[in-house]
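Quick note on numbering that gives the first Met the number 0: the sequence shown kicks off at 0 and runs consecutively.
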Amino acid sequence: MTDTTNGSRPKRPVFTNIHVTQIVSYRLPPAGIVSILHRVSGLLMFLLLPFVIWMFDNSLTSEISYESFTNAFVAGIGFVPAWFVKLTVLGLLWGYLHHFIAGVRHLWMDATHSVSKEQGHNSAIFTLVSSVLLTILLAAKLFGLY
């Protein structure tokens with residue numbers, strides 16, 4: 000029982016939703032950022048699925064179609080410049096890498112039943128850092144730095 004000497008109910012905490020004007024100043028924890036980016040990366044992969052199918056089809060149909068596929072990264076596709084094609088592929092690579100690493104993070108947390116705040120924070124930081132580092136590494140390869 001709670002002590003209610005003055006006859007009133009005990010003070011309970013009040014939780015409010017975040018208003019649109021507070022989004023910029025609200026500081027989301029790393030696990031929340033990973034969760035939102037997991038959804039964004041899944042949406043990105045879904046929306047770019049026709050582009051992925053086109054790339055896959057052009058890379059496997061014939062030698063001529065493979066040459067046109069690789070030429071898209073050098074000369075572009077129609078009116079779309081090559082740098083935009085590379086940025087689109089880079090966005091797709093980031094989406095896949097982040098979605099995959101975040102998915103493994105969720106499977107690992109489910110399998111080990113490790114749901115502490117510290118473990119969630121550490122695994123979220125690992126997810127963010129590793130997906131960005133791998134994307135930078137692949138961007139350097141895509142743009143011909145090595």
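Beta carbons are placed, not taken as given, at the ideal position from N, Cα and C, and that holds for glycine.
Taking the alpha-carbon positions, what's the residue i to residue j distance?
{"i": "residue 39", "j": "residue 92", "result": "13 angstroms"}
{"i": "residue 165", "j": "residue 9", "result": "Missing from the structure shown is residue 165; the chain here goes from 0 to 145 and no further."}
{"i": "residue 33", "j": "residue 19", "result": "20 angstroms"}
{"i": "residue 41", "j": "residue 101", "result": "11 angstroms"}
{"i": "residue 128", "j": "residue 36", "result": "13 angstroms"}
{"i": "residue 44", "j": "residue 50", "result": "10 angstroms"}
{"i": "residue 17", "j": "residue 11", "result": "19 angstroms"}
{"i": "residue 116", "j": "residue 110", "result": "17 angstroms"}
{"i": "residue 87", "j": "residue 141", "result": "11 angstroms"}
{"i": "residue 108", "j": "residue 124", "result": "14 angstroms"}
{"i": "residue 133", "j": "residue 46", "result": "22 angstroms"}
{"i": "residue 146", "j": "residue 27", "result": "Residue 146 lies beyond the range of the chain shown here (0 to 145); nothing can be said about it."}
By the three-class DSSP mapping on this structure, what secondary structure does residue i have?
{"i": "residue 84", "result": "helix"}
{"i": "residue 51", "result": "helix"}
{"i": "residue 32", "result": "helix"}
{"i": "residue 114", "result": "coil"}
{"i": "residue 16", "result": "coil"}
{"i": "residue 23", "result": "coil"}
{"i": "residue 142", "result": "coil"}
{"i": "residue 60", "result": "coil"}
{"i": "residue 7", "result": "coil"}
Checking the sheet assignment: what are the DSSP bridge partners for residue i?
{"i": "residue 79", "result": "76"}
From the options, pick the residue whose C-alpha is nearest to that of residue i; which is it?
{"i": "residue 76", "options": "53, 62, 120, 61", "result": "53"}
{"i": "residue 130", "options": "145, 142, 98, 31", "result": "98"}
{"i": "residue 126", "options": "59, 21, 105", "result": "105"}
{"i": "residue 31", "options": "121, 80, 73", "result": "121"}
{"i": "residue 118", "options": "23, 29, 65, 64", "result": "29"}
### Query
Would you call the stretch 85-99 and the stretch 126-140 touching, i.e. three or more CB-CB distances under 8 angstroms?
yes
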